[in-house]
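Chemist: Chain order of the listed sequences is G and S.
Throughout the first sequence, residue numbering follows my numbering, covering 1 to 346 in sequence.
Throughout the second sequence, residue numbering follows my numbering, covering 347 to 692 in sequence.
A virtual CB, placed ideally from N, CA and C, is assigned to each residue, including glycine.
This structure is in structure tokens; I'll ask about it shortly.
2 protein chains.
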Amino acid sequence: MATKEPKNQPDGEKRYARASSYDVAHAAGVAQSTVSRCFKEDSNISESTRARVLKIAAELGYTPNSLARSLITQRSNMVGVICSEFTLCNNPELVNAISSALKQANISMLLMIVENESAIETTLPEALAYPLDGLISCVFMDEEQIQLFVKRRVPIVFFNRNIRSKGTDCILTDQAEGSAQMASRLHAAGHRRILCVGGPIDAPEDSVSRARLKGFIEAIDKLGGVDITCIHAGYTYENGRDQFLSYFADSALPEAIFCVNDQLALGVMDACRYTCNLSIPDAVSVAGFDNVSDAGRPVYNLTTIHQQIVPMATRAVDLILRRIAQPELPEETVTIRGILIARTSA
Amino acid sequence: MATKEPKNQPDGEKRYARASSYDVAHAAGVAQSTVSRCFKEDSNISESTRARVLKIAAELGYTPNSLARSLITQRSNMVGVICSEFTLCNNPELVNAISSALKQANISMLLMIVENESAIETTLPEALAYPLDGLISCVFMDEEQIQLFVKRRVPIVFFNRNIRSKGTDCILTDQAEGSAQMASRLHAAGHRRILCVGGPIDAPEDSVSRARLKGFIEAIDKLGGVDITCIHAGYTYENGRDQFLSYFADSALPEAIFCVNDQLALGVMDACRYTCNLSIPDAVSVAGFDNVSDAGRPVYNLTTIHQQIVPMATRAVDLILRRIAQPELPEETVTIRGILIARTSA
DNA sequence: TTGTAAGCGTTATCAT
DNA sequence: ATGATAACGCTTACAA
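Okay, structure coming up:
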């Protein structure tokens with residue numbers, strides 16, 4: 001009890017495989033706190049002992065245990081990222097961008113995938129169990145869910161979800177402005193009968209799809225003289241394809257089709273070309289939003305609005321770090337412009 | 347000191363936002379250990395106190411801190427997943443499958459993305475810092491790197507990386523057999539001049555691309571009478587496209603092209619159709635391997651070998667759990683068959 | 001059924 | 001420059 005024997009290693013045999021700072025201290029003949037100091041920059045420690053201790057640590061394969069550190073420092077160095085299966089599978093670059101921004105800041109990513117936009121409940125306990133340094137949510141959360149994190153002082157940044165709540169920030173592509181750019185382009189190209197393929201009919205007022213649709217329609221109305229029709233699908237390729245087909249079954253072909261995301265647009269394009277034998281853009285123009293990687297392939301060449309995912313991810317991480325440092329700062333909503341990528345589909 | 351006052355809450359003001367079991371205990375007038383018991387199934391606790399404590403916990407927004415729990419239980423309930431940017435971006439379903447298999451087992455996923463197959467060094471410190479319950483690696487690791495984890499008793503499962511090492515398991519698509527299926531099909535279709543688009547020329551002997559290439563060539567040789575040429579690209583769409591173009595610039599068109607992955611195949615297809623004006627499969631057949639989601643779109647309709655990602659992911663998690671429970675079990679290499687998906691490209 | 005106390009592996013605050 | 005020692009928030013004997 002009064003000795004320096006590591007407590008977790010009563011006999012010669014080790015109970016646990018991972019070496020602890022006690023093991024290193026024991027082997028190096030120093031105090032455990034000395035070992036700890038050796039792994040910290042600018043700590044008062046002589047270069048000679050540091051060198052010796054680090055050498056022994058390497059031999060024993062010792063690295064400070066992040067979990068134990070977190071407990072005392074009150075910082076886990078982990079940020080949770082919640083996103084939907086759809087986002088992961090159709091826009092993996094987004095997750096990649098967030099991952100690399102976090103890596104830049106030396107923060108680990110606890111990734112939680114939810115089945116769909118409204119299934120966040122299933123992962124809430126997981127997100128709450130850890131003392132996360134922050135949460136980046138690419139899905140909607142209601143006020144009650146948000147409060148669970150706010151109460152625990154876990155900063156939330158909403159990624160492309162326009163949610164304003166006390167103590168949370170958000171980063172958004174300027175949906176309305178992006179859609180307006182597309183509206184101008186289609187209008188300038190002379191299109192006067194336009195079909196809009198929106199998200200689900202029951203999408204909430206503040207959803208991405210609604211924002212894009214609304215922005216598009218308002219811009220078109222301002223330009224004037226355009227006949228607009230809207231149909232509503234989900235978000236997927238198949239939704240776009242099927243909804244267009246059932247629309248086109250008993251309606252005239254529009255001159256242009258604006259889809260609120262690229263997946264819908266790709267579905268519509270394929271429906272046009274492979275089912276209806278319509279050539280694009282000769283028979284009809286198609287435009288999307290997001291600029292997913294497929295959109296740039298020659299098979300689609302989709303005219304779309306590019307979301308600047310990389311700067312958005314960087315900014316999202318900045319917002320988290322900022323709020324960790326200064327929790328009481330006023331809420332911020334950062335808006336980043338979309339960039340019109342003119343290809344041949346429209 | 348002798349009182350039951352929560353130590354972390356000296357005055358009325360709270361230093362930390364997250365409620366601890368002490369806070370709950372204090373509010374409920376019970377011991378801290380009682381609170382702990384309330385959150386554990388089948389523990390000797392009266393239903394009445396449990397109900398009361400849980401109610402108060404909910405009010406305070408208390409959930410047991412996973413980190414602190416891990417420290418004492420020696421189980422972090424976190425599994426690290428390492429994969430390359432390429433895999434994430436070109437086969438996001440893989441990450442999704444792993445994520446959902448882990449979720450099923452109530453394990454959190456620490457996702458680490460590395461720039462490329464050989465950049466794992468950059469994320470090693472992160473993976474080692476946490477006492478992970480296991481590691482699923484979708485990238486290569488050398489023996490020295492593996493040992494770092496083995497030493498810490500962290501089970502590793504290699505996902506589609508054929509690495510045999512003491513104490514580690516792996517789960518693989520049967521590359522050779524899948525390639526052989528494709529070889530049979532192309533042969534049966536009457537193709538006698540076949541171009542293979544392999545991975546990088548310097549890919550290691552035990553790499554996925556080599557295994558597929560080797561399996562294909564051996565099977566073709568067995569069938570006989572086929573003239574085979576190999577070219578080497580990287581792994582990407584652009585690699586496939588560019589390498590095919592530079593090959594075709596001064597060589598005759600083969601009857602069929604087998605690419606060691608779908609991305610290469612998609613690149614080759616687009617090069618054929620959009621640059622060389624060759625129709626597929628009339629002028630040339632193209633086949634791939636993986637069955638990524640794009641392959642099924644009518645724009646490609648790629649004949650390919652489907653990797654059974656979902657069962658593979660489930661099995662990978664099983665292997666981890668198995669080895670956590672019984673670390674000394676013999677190493678296992680699970681092989682799962684690929685399924686030929688015959689579409690119109692070949 | 002409940003409370004007391006030890007310990008998980010760290011960092012941080014004191015002494016020395 | 002280094003060593004004791006007290007947290008961090010839990011789980012788990014052991015006592016009562």
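By how many angstroms is the C-alpha of Asn91/G removed from the C-alpha of Ala295/G?
Modeler: The alpha-carbon atoms of Ala295/G and Asn91/G are separated by roughly 11 Å.
Chemist: Under the DSSP definition of a beta bridge, which residues are partnered with Gly480/S?
Modeler: Paired residue(s): Val425/S.
Chemist: Thinking Leu612/S and Leu648/S are a contact (beta carbons under 8 Å), I'd like their distance in whole angstroms, please.
Modeler: The pair is a contact, with the Cβ atoms about 7 Å apart (cut-off 8 Å).
Chemist: Quick one: is Glu59/G buried, meaning 16 or more other Cβ sit within 10 Å of its Cβ, or exposed?
Modeler: Counting Cβ neighbours within 10 Å, Glu59/G comes out exposed, since fewer than 16 surround it.
Chemist: If the cut is a Cβ gap below 9 Å, which residues of chain S does Ile113/G touch?
Modeler: Result: Val441, Asn442, Ser445, Ser446, Lys449, Met455.
Chemist: According to DSSP, simplified to helix, strand and coil, what is Ser625/S?
Modeler: Ser625/S: coil per DSSP, three-state reduction.
Chemist: Listing by chain order, which chain G residues have their CB less than 8 Å from the CB of Gly684/S?
Modeler: None at all; the shortest Cβ gap to chain G is about 20 Å.
Chemist: Quick one: which chain S residues come within Cβ less than 7 Å of Ala68/G?
Modeler: By Cβ distance, chain S contributes Leu417.
Chemist: Within its chain, find whatever has a CB closer than 7 Å to the CB of Val370/S; leave out the 5 residues flanking it on each side and keep chain order.
Modeler: Within the same chain, Val370/S has close Cβ partners Val381, Val399, Ile402, Ala403, Leu406, Tyr408.
Chemist: Going by the DSSP bridge assignment, what does Leu413/S pair with across the sheet?
Modeler: DSSP, once it has assigned bridges, lists no residue as partnering Leu413/S.
Chemist: Could you tell me which chain G residues have their CB closer than 8 Å to the CB of Arg364/S, listed as they occur along the chain?
Modeler: Near Arg364/S (Cβ distances below 8 Å), the residues of chain G are Pro131, Arg152, Arg153.
Chemist: Taking just the CA atoms, how far does Ser100/G sit from Gly570/S?
Modeler: Between Gly570/S and Ser100/G, the C-alpha separation is close to 48 Å.
Chemist: If you measure from the beta carbon of Gly580/S to each beta carbon in chain G, is any gap under 8 Å?
Modeler: It does not: the Cβ of Gly580/S has no partner Cβ on chain G nearer than 8 Å.
Chemist: The beta strand (DSSP E) with Cys618/S in it runs from where to where?
Modeler: Premise fails: Cys618/S is in no beta strand (DSSP E) and is neither H nor E.
Chemist: In the DSSP assignment, what residue or residues form a beta bridge with Arg193/G?
Modeler: Answer is Asp227/G, bridged to Arg193/G.
Chemist: Between the stretch 298-318 of chain G and chain S, which residues of the former have CB atoms less than 8 Å from a CB of the latter, in chain order?
Modeler: The stretch 298-318 of chain G vs chain S, Cβ under 8 Å: Pro298, Val299, Tyr300.
Chemist: In chain S, which residues lie less than 9 Å from Glu59/G when you measure between Cβ atoms?
Modeler: Neighbours of Glu59/G on chain S: none; closest Cβ ~11 Å, over 9 Å.
Chemist: Counting only runs that start and end within the stretch 20-63 of chain G, where is the alpha helix (DSSP H) found for 4 or more residues in a row?
Modeler: Fully enclosed alpha helix (DSSP H) runs of 4 or longer: 21-28, 32-38, 47-60.
Chemist: Would you list, in sequence order, the uninterrupted beta strand (DSSP E) runs of no fewer than 3 residues that lie entirely inside the stretch 98-147 of chain G?
Modeler: Complete beta strand (DSSP E) runs here, min 3: 108-114, 134-137.
Chemist: Thinking C-beta only, is Ala692/S closer than 8 Å to Pro627/S?
Modeler: Yes, they are a contact pair.
Chemist: With a threshold of 16 other CB atoms inside 10 Å of the CB of Glu117/G, please say whether the residue is buried or exposed.
Modeler: Buried, since its Cβ has 16 or more Cβ neighbours within 10 Å.
Chemist: Interface residues of chain G around Asn411/S at Cβ under 7 Å?
Modeler: Per Cβ cutoff of 7 Å: Pro131.
Chemist: Between which two residues does the alpha helix (DSSP H) containing Ser246/G stretch?
Modeler: Its alpha helix (DSSP H) spans residues 237-248.
Chemist: Give the range of the beta strand (DSSP E) segment to which Asp515/S is assigned.
Modeler: Note, Asp515/S: beta strand (DSSP E), 514-519.
Chemist: Quick check on Ser422/S - is its C-beta less than 8 Å from some C-beta in chain G?
Modeler: Closer than 8 Å: yes.
Chemist: Which residues of chain S have a Cβ atom closer than 7 Å to the Cβ of Tyr274/G, listed in chain order?
Modeler: Simply Pro644.
Chemist: Using a Cβ-Cβ distance cut-off of 8 Å, determine whether Arg429/S contacts chain G.
Modeler: Sequence inspection shows Cys at residue 429/S; the Arg mentioned does not correspond to that position. No, Cys429/S does not count as interfacial toward chain G.
Chemist: Thinking C-alpha only, which one of Asp318/G, Val286/G, Gln104/G is nearest Ile136/G?
Modeler: Ile136/G has its Cα closest to that of Asp318/G, out of Asp318/G, Val286/G, Gln104/G.
Chemist: Tell me the DSSP secondary structure of Val385/G in three-state form.
Modeler: Outside the modelled stretch of chain G, which goes from 1 to 346, sits residue 385/G, for which no answer is possible.
Chemist: Is there a Cβ from chain G that is less than 8 Å from the Cβ of Leu599/S?
Modeler: So no, Leu599/S is outside the interface.
Chemist: Hey, could you find the ends of the beta strand (DSSP E) Ala256/G is sitting in?
Modeler: 256-259 is the span of the beta strand (DSSP E), which, as asked, contains Ala256/G.
Chemist: Quick check: is the beta carbon of Leu474/S nearer than 8 Å to any beta carbon in chain G?
Modeler: Leu474/S counts as touching chain G.
Chemist: Measure the alpha-carbon distance for Ala129/G versus Leu71/G and round it to whole angstroms.
Modeler: Rounded to the nearest angstrom, the two C-alpha atoms are 13 Å apart.
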